[in-house]
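Read the structure below first, then the notes.
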Amino acid sequence: MIEHERFGRGVVTSIEQSGGDKRAFVDFDSAGQKQLLLKFAKFKIVQ
Numbered sequence: 001m002i003e004h005e006r007f008g009r010g011v012v013t014s015i016e017q018s019g020g021d022k023r024a025f026v027d028f029d030s031a032g033q034k035q036l037l038l039k040f041a042k043f044k045i046v047q
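For the sequence shown, full-length UniProt numbering gives the first residue as 1, with consecutive numbering after it.
Below, the structure is given as structure tokens:
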């Protein structure tokens, strides 16, 4: 489980690499499913 400053808490459902970028697919409690570029995403692991 992660916590993002804008989207709140969510569960990482998968991570994919596309070229040199890694994306995390996250199912947030209040914001639904989002894709986050790991090199830019600001979040903390809470569990």
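We treat Cβ as the ideally placed atom computed from N, Cα and C, and that holds for glycine.
For residue 46: DSSP bridge partner residues: According to DSSP, which records beta bridges pairwise, residue 46 is partnered with nothing at all.
Counterpart residues of residue 40 in DSSP-defined beta bridges: Answer is none; residue 40 lacks a bridge partner.
Extent of the continuous beta strand (DSSP E) to which residue 16 belongs: 8 to 18
Bounding residues of the beta strand (DSSP E) (the contiguous stretch that carries residue 27): Going by DSSP, residue 27 is part of the beta strand (DSSP E) stretching over 21 to 28.
8 angstroms Cβ cutoff, residue 43 in contact with chain D: As a matter of chain content, chain D is missing from the structure shown, which is built from one protein chain.
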